[in-house]
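Student: Remember, the working numbering sits 986 above the position in the sequence shown when you count from 1. In this text, a Cβ means the ideal position worked out from N, Cα and C, and glycines have one as well. This structure is in structure tokens; I'll ask about it shortly.
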Amino acid sequence: MADGSSRFGHVLTSLPKPGGGEYGKYYSLPALNDRRIERLPYSIRYLLESAIRNCDGFQITEKDVENIIDWENTAPKLVEIPFKPARVLLQDFTGVPAIVDLASMRDAMARLGDDPGKIDPLIPVDLVIDHSVQADVVRSENALQANMQREFDRNKERFAFLRWGSVAFNNMLIVPPGSGIVHQVNLEYLGRVVFNTDGILYLDSVLGTDSHTTMIDGMGVAGWGVGGIEAEATMLGQPMSMVLPSVVGFKLSGKLRDGVTATDLVLTVTHILRKHGVVGKFVEFYGEGMSELAVANRATIANMSPEYGATMGFFPVDHVTLGYLKLTGRSDEKVEMVEAYLRANNMFVDYNEVSIVVTISDTKGNICLIQNCSFRLKQKEFTHLI
987 MADGSSRFGH VLTSLPKPGG GEYGKYYSLP ALNDRRIERL PYSIRYLLES
1037 AIRNCDGFQI TEKDVENIID WENTAPKLVE IPFKPARVLL QDFTGVPAIV
1087 DLASMRDAMA RLGDDPGKID PLIPVDLVID HSVQADVVRS ENALQANMQR
1137 EFDRNKERFA FLRWGSVAFN NMLIVPPGSG IVHQVNLEYL GRVVFNTDGI
1187 LYLDSVLGTD SHTTMIDGMG VAGWGVGGIE AEATMLGQPM SMVLPSVVGF
1237 KLSGKLRDGV TATDLVLTVT HILRKHGVVG KFVEFYGEGM SELAVANRAT
1287 IANMSPEYGA TMGFFPVDHV TLGYLKLTGR SDEKVEMVEA YLRANNMFVD
1337 YNEVSIVVTI SDTKGNICLI QNCSFRLKQK EFTHLI
């Protein structure tokens, strides 16, 4: 809830600006005054913040909040919790059916004599049109424009329907074709890190209808892929039911040597995590090596979460993330608000599981088929292939 009506309204706290005034109010985790929160991984705190903000005693109860706070004891018992993300991310292949369903619900409401406008997404929905392009024209200076024109000609009816949806439904943003791949657009433009809705500040989190929605985890936004039905239910205000996950801490140290790319690192990480077994778990990265990884490299690792089986490969926000926000055009005031909020909510990382340690400087180049990362050729073994 972004209206301050949660049953935990007593922890709603003002976030002051350095020069006077306030950014808004937020649900303060330290104000819960529970020492167990200090031991929660940062990724689990995202679940906790969402739970206390949306606690209505019905869909999300005080017991659900307690289960998350007591994560060290409840996670091994495979306890289910409800989760309400801050927004939903769609691409055109999976997003069009969702909007068709909403339109059908409006038709049904009208036939029943009620207001069809009651059918509306209750949280922000971002739909990026990126899956319909075909490369018909190549090796030409105007290839991009020609292919985009053919895309509009082929999909005229579908695009007209999406334009109608962007006007008819509140909380829906349609990103037109030619803007980029959905995950790139999500990372560079759509990711808020911290929302400010009607004066209530809260963490950005996203459920997407694509398995690689996890790329956004590289920017400190909790997100993963779900099915179309789950996404539609979430759009209409229903919480997603999930098992409270275990968290694997992955410590990074050192820095990448010359000639070693983020791809080499991610293949090494994928190999290790597959061997360790992280299916259904959160993987949370930490350590001094984090400062040596740009957000683009973090996003590469996070994007591979489906390949190593984790629900998320999460990188908490730090000064590198803030620098990326500025680099991609977020305003200074926005970045200052993000930093102030995260510091005030005291979200440092702790783990209850044995950490996997990889020294980044020890990473060597790898050639690896994505479908079989258990087979790797070290750099010295494939030099004759290049």
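1) Where do the N-terminal and C-terminal ends of the alpha helix (DSSP H) with T1254 fall, by residue?
2) Along the chain, which unbroken stretches of the beta strand (DSSP E) at least 3 residues long are found entirely within the stretch 1051-1123?
3) Compare the beta carbon distance of K1270 and K1241 with 8 angstroms and say whether it is the shorter of the two.
4) Are the Cβ atoms of V1180 and V1281 separated by less than 8 angstroms?
5) Write down every uninterrupted run of the beta strand (DSSP E) in the stretch 1185-1213 whose length is 3 residues or greater and which is fully enclosed by it, in chain order.
6) By how many angstroms is the C-alpha of R1136 removed from the C-alpha of E1035?
7) In angstroms, rounded to a whole number, what distance separates the CA positions of L1253 and G1007?
8) Compute the distance between the beta-carbons of R993 and Y1013, then report whether it is under 8 angstroms.
9) How is the alpha helix (DSSP H) around N1289 delimited, first residue to last?
10) Please name the residue or residues paired with P1002 in a DSSP beta bridge.
11) Would you report the Cα separation of F1079 and L1113, rounded to the nearest angstrom?
12) Within 10 angstroms of its Cβ, does Q1131 collect 16 or more other Cβ (buried), or is it exposed?
13) Is it buried or exposed for T1314, if we count other Cβ within 10 angstroms and need 16 for buried?
14) Return the first residue and the last residue of the beta strand (DSSP E) that S1277 is part of.
15) Please report the straight-line C-alpha distance between V1192 and F1236, rounded to a whole angstrom.
16) Pull up the distance between the alpha-carbon of P1002 and that of A1017, whole angstroms please.
17) Sorted by chain position, which residues of the same chain lie with C-beta nearer than 8 angstroms to D1336's C-beta, five sequence neighbours on each side aside?
18) Measure the C-alpha to C-alpha separation of V997 and Y1009 and round it to an integer number of angstroms.
19) Which residues bound the beta strand (DSSP E) around S1014?
20) Quick check on this structure: which residue in R1092, I1287, A1037 has the alpha carbon closest to the alpha carbon of I1055?
21) Does the distance from the CB of N1182 to the CB of P1110 come in under 8 angstroms?
22) With a Cβ-Cβ cutoff of 8 angstroms, do A1061 and P1302 count as a contact?
23) Considering only heavy atoms of the ligand MN, does any lie closer than 7 angstroms to the CB of Y1294?
24) Determine the direct distance from the alpha carbon of G1005 to that of I1215, and round the result to whole angstroms.
25) Per DSSP, which residues does M1226 bridge with? Please list them.
Tutor: To lay it out plainly:
1) Run containing T1254: 1248-1262, per the alpha helix (DSSP H) assignment.
2) Complete beta strand (DSSP E) runs here, min 3: 1066-1069, 1073-1077, 1111-1114.
3) The sequence given here places Glu at residue 1270; Lys does not occur at that position. With a cutoff of 8 angstroms on beta-carbon distance, E1270 and K1241 are scored as not near each other.
4) In this structure, V1281 does not lie closer than 8 angstroms to V1180 by Cβ.
5) Runs found: 1186-1189, 1191-1194, 1208-1211.
6) Cα to Cα, the separation comes out at about 45 angstroms.
7) Going from the Cα of L1253 to the Cα of G1007 covers about 47 angstroms.
8) Cβ distance not < 8 angstroms, so R993 and Y1013 don't count as in contact.
9) Element bounds for N1289: 1281-1289.
10) Its beta-bridge partners are E1008.
11) Distance between the alpha carbons of F1079 and L1113: 10 angstroms.
12) Its Cβ having fewer than 16 others within 10 Å, Q1131 is exposed.
13) T1314 should be labelled exposed.
14) Careful: S1277 lies outside any beta strand (DSSP E) and carries neither H nor E.
15) The straight-line gap separating the alpha-carbon atoms of V1192 and F1236 is approximately 23 angstroms.
16) The alpha-carbon separation between P1002 and A1017 amounts to approximately 16 angstroms.
17) Below a pLDDT of 50, predicted positions are generally treated as unreliable, and D1336, at 42, falls in that range; the measurement from the model is reported next regardless. Contacts found: E1024, R1025, L1026, P1027.
18) Rounded to the nearest whole angstrom, the CA to CA distance from V997 to Y1009 is 16 angstroms.
19) First-last for S1014: undefined, no H or E at that position.
20) Nearest option by C-alpha distance: A1037.
21) Contact flag unset, no.
22) No, the Cβ-Cβ distance between A1061 and P1302 is not below 8 angstroms.
23) In the structure shown, the ligand MN is absent, as is every other ligand, since no ligand is present at all.
24) Cα-Cα distance, rounded: 46 angstroms.
25) According to DSSP, which records beta bridges pairwise, M1226 is partnered with F1069.
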